[in-house]
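Here's the structure we're looking at; comments come further down.
Protein chains: 2
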Amino acid sequence: MLLETASRPAEPSFETYSGASSAGRARETHSLEQLLQNWPLQRRRVHAKQHVFRAGQPRHALYLVHAGFFKTALISEDGREKITGFRMRGDLLGLDSLDMPTYTCDAIALDTGELWELPYAQLRDEMPQFQERITALLAGEIRRDWGWMLALGTLGADQRVVTFLFDLASRLERLGFSPSHLQLRMTRAELGNFLSLTLETVTRVLSRLQARGLIAVAGREIRIQNRAGLQTVLRENTACH
Amino acid sequence: MLLETASRPAEPSFETYSGASSAGRARETHSLEQLLQNWPLQRRRVHAKQHVFRAGQPRHALYLVHAGFFKTALISEDGREKITGFRMRGDLLGLDSLDMPTYTCDAIALDTGELWELPYAQLRDEMPQFQERITALLAGEIRRDWGWMLALGTLGADQRVVTFLFDLASRLERLGFSPSHLQLRMTRAELGNFLSLTLETVTRVLSRLQARGLIAVAGREIRIQNRAGLQTVLRENTACH
DNA sequence: CGTCACCTTGACGATGATCAAATTGTGTGG
DNA sequence: CCACACAATTTGATCATCGTCAAGGTGACG
Numbered sequence: 001m002l003l004e005t006a007s008r009p010a011e012p013s014f015e016t017y018s019g020a021s022s023a024g025r026a027r028e029t030h031s032l033e034q035l036l037q038n039w040p041l042q043r044r045r046v047h048a049k050q051h052v053f054r055a056g057q058p059r060h061a062l063y064l065v066h067a068g069f070f071k072t073a074l075i076s077e078d079g080r081e082k083i084t085g086f087r088m089r090g091d092l093l094g095l096d097s098l099d100m101p102t103y104t105c106d107a108i109a110l111d112t113g114e115l116w117e118l119p120y121a122q123l124r125d126e127m128p129q130f131q132e133r134i135t136a137l138l139a140g141e142i143r144r145d146w147g148w149m150l151a152l153g154t155l156g157a158d159q160r161v162v163t164f165l166f167d168l169a170s171r172l173e174r175l176g177f178s179p180s181h182l183q184l185r186m187t188r189a190e191l192g193n194f195l196s197l198t199l200e201t202v203t204r205v206l207s208r209l210q211a212r213g214l215i216a217v218a219g220r221e222i223r224i225q226n227r228a229g230l231q232t233v234l235r236e237n238t239a240c241h
Numbered sequence: 001m002l003l004e005t006a007s008r009p010a011e012p013s014f015e016t017y018s019g020a021s022s023a024g025r026a027r028e029t030h031s032l033e034q035l036l037q038n039w040p041l042q043r044r045r046v047h048a049k050q051h052v053f054r055a056g057q058p059r060h061a062l063y064l065v066h067a068g069f070f071k072t073a074l075i076s077e078d079g080r081e082k083i084t085g086f087r088m089r090g091d092l093l094g095l096d097s098l099d100m101p102t103y104t105c106d107a108i109a110l111d112t113g114e115l116w117e118l119p120y121a122q123l124r125d126e127m128p129q130f131q132e133r134i135t136a137l138l139a140g141e142i143r144r145d146w147g148w149m150l151a152l153g154t155l156g157a158d159q160r161v162v163t164f165l166f167d168l169a170s171r172l173e174r175l176g177f178s179p180s181h182l183q184l185r186m187t188r189a190e191l192g193n194f195l196s197l198t199l200e201t202v203t204r205v206l207s208r209l210q211a212r213g214l215i216a217v218a219g220r221e222i223r224i225q226n227r228a229g230l231q232t233v234l235r236e237n238t239a240c241h
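Respectively, the protein sequence lines represent chains A and B.
For reference, each letter of the first sequence is one residue, going 1 to 241 in the UniProt record's numbering.
For reference, each letter of the second sequence is one residue, going 1 to 241 in the UniProt record's numbering.
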C-alpha cells in the first residue's frame, strides 16, 4: 500500500466513524488515545461545517480527533483553496503549527464529532513518551504528504481515485470498520479538491469504476466489490510521465 | 510569499551555495548550524550524483546540509519517481524517517557538498534546544509540503515555474546570495518532476518568460529581470479551478 | 573531435477542465 | 407531512493545456 496512517486507535463503532461502542479490542498500546485515556482533558463537541480553528487565529491547543470526520485546508491570499487532508479518529489537528503563534490552516468538521484538547507544553513536560509520539506523528505526516505528492504528480484521474479509496479503506479498517463499505463524509467537490481533480471528473471516475463492476456507488456510500480489479486499475498506464 | 524555508543560516559564499567564506554576518542565533558550531560532529563530503542514503537503508543519522545542493526523492514499487524537495545549506536530510528504523526516501547530491552528521538521540538528550528545533523543522516541512500541494494542485505550468523561481530566490537570499541571479543545480527533467511537469514544458515556460523579457535564461543560469512582471504572471488566470 | 547528456523547438493528440442542463437528495418552514 | 428551495450529483458536449513523439542544437568532457 502506498500510504500510511499515523495513528491506530481501536474501539470501532458505526454511523459516525467515532468510538462510542464497547467491544473494543485495544491492540496498539502506544496510541496517543491510549496514553491520554485518564488524563483530564478538555473535550469539545463540534457539528458539521463548524470550524475547529482558522488560519491566523492564535494557537492555543492541539486537537486529537476522538470522533467524527474533519478536513484541513489551506487558502491562499488570492482565494485558491486546497484540502491538505481528511482527518479521523486518532489524527491530530494543528500539528503543522506546533512551532507557530497562530494556526496555519483551517480545520473544519464534516460531521458531528468530538475533539480532545491537548495542552502541548504541559504534556511535553509531564509525560515522557509524549514528545516522542509527536515527533513520530509529525514525521508520519510528512511521509503521507510525500506519498500524496507522488500519487497526484504521477497518476491519472482513475488511479488517484482508486488510491484514495484504498487509503480510506485501510484507515477505516484500522479503526475497526469494514474496509469494503465506505461511507464518504465529503462532497465530490472536496474529494476532487484533495485529489486535484474537478468534481465532474471524480463523478465520472466513480461511474466508470461502477460500470466495470469494481465498486458500487450510491451517493456517498461506496462498496468495494472487486479489490483485485481495483488494483489492476492502478497498474494501467498513466498518461503522465 | 507562498512558501517558506525552515532554516536560515548565514555566511554567504559563491559558486557552490556553500558557506566557506568569511564575511558572515550571523543574525539568526537559533539556527541549527549556530547551535552545533562547536560540537564535535562527523562531517561527510559528497560529490554530484552520489547518494547520501537510499530508502530502506538502516537509518543511522540525520544530516545537516552545510554546503552543496541536494534532492530528496521517493520511488514507488512500480518505478514512478517523485522529487519531494531540493535541499540546501541549513536544511536537514532524513527528517521524514526520524521515527523509523530505515530511511524512507533517497537523498542525492546534485553538487559537491558537505554534510554534518547529527547523532539525533544524543543531541536530543544533551542539548535542551535541540528537540524544539527539530519539532519546528518538522512542522515547517509540513507547511512547505502543503504549500507545494496547493501550488501544484491549483496553478498552471507557467505559474508553477514562477513560484519555483521565487521560492528558490528567497531561499538563496536568506543564505546571502543574490535573489535575482539563480544558478540552477538540477536538470530540466528534475525540475519538471518536482513541479509535476514534463521537461519540455519547463523548457517552454522558461522560453516564454524570456520572450516576455521577465527573465534571462542561459542553460541553468537564470537571471530575474522583472520581478513585478513575474508576479503578474502569478495573477494570470489558471486553467485549473 | 566525437560521444553523450542535456536542452530546445515543433507538431499532434489525449486527458481532464469547462460549460451546460437535468436529476437526485436534503433540510426547512408551512 | 408536504412543498419548496437549495445543495449535491450525474451526464453530455466541447475545448485548452499539457503530455507525447520526433528531430535538431548545444555544451561538456575524454
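Each residue gets a CB set at the ideal place from its N, CA and C atoms; glycine is no exception.
Between B:Asp111 and B:Arg220, the gap from beta carbon to beta carbon reaches 8 Å or more. In this structure, B:Arg87 places its C-beta atom within 8 Å of the C-beta atom of B:Phe70.
The Cβ atoms of A:Asp106 and A:Ala73 lie closer than 8 Å to each other. Residue environment analysis places A:His66 among the buried positions, since at least 16 neighbouring C-beta atoms fall within 10 angstroms of its C-beta.
Considering only beta carbons, the part of the stretch 150-182 of chain A lying closer than 9 Å to chain B consists of Leu150, Ala151, Leu152, Gly153, Thr154, Leu155, in chain order. Listed along chain B are Ile142, each with a C-beta nearer than 7 Å to that of A:Glu141.
Annotated three-state conformation of A:Gly113 is strand, per DSSP. For B:Thr72, the enclosing beta strand (DSSP E) has its first and last residue at 70-75. Look at the stretch 43-75 of chain B: the residues with a C-beta under 8 Å from a C-beta of chain A are Leu74.
At a Cβ-Cβ threshold of 8 Å, A:Gly90 and A:Ser31 count as neighbours. Where B:Leu182 is concerned, the enclosing beta strand (DSSP E) starts and stops at 181-183.
Note: A:Ile134 is not bridge-paired with any residue in the DSSP secondary-structure output. One Cα belongs to B:Thr102, the other to B:Leu35, and the distance between them is close to 26 Å. A buried status is given to B:Ala157, since no fewer than 16 other beta-carbon atoms sit within 10 Å of its beta-carbon. Here the alpha carbon of B:Leu175 sits roughly 11 Å from the alpha carbon of B:Leu168. B:Leu64 places its beta carbon 8 Å or farther from that of B:Leu137.
Contact annotation: in the stretch 105-130 of chain B, residues whose CB is within less than 8 Å of a CB in chain A are Cys105. Assignment of B:Thr84 by DSSP, reduced to helix, strand and coil, places it in the strand class.
Closest by C-alpha distance to B:Val161, out of B:Ala189, B:Glu141, B:Phe177, is B:Ala189.
B:Ile224 sits close to B:Leu230, with the two beta carbons spaced by under 8 Å. For B:Glu221, the enclosing beta strand (DSSP E) stretches over residues 221-224. Between B:Leu234 and B:Thr163, the CB-CB gap stays under 8 Å. Between B:Ala48 and B:Ala109 a beta carbon distance of about 6 Å is seen, short of the 8 Å cut, so the two are scored as contacting.
Interface residue (Cβ-Cβ distance to chain A less than 8 Å): B:Asp91 is not classified as such. Taking 8 Å as the cut-off, the beta carbon of A:Gly113 is found closer than this to the beta carbon of A:Val46. At a C-beta separation below 8 Å, A:Ala136 has these neighbours in chain B: Leu98, Asp99. One Cα belongs to A:Leu199, the other to A:Leu165, and the distance between them is close to 16 Å.
Residues of chain B with a Cβ closer than 7 Å to the Cβ of A:Ser31 do not exist; the shortest Cβ-Cβ separation is about 14 Å.
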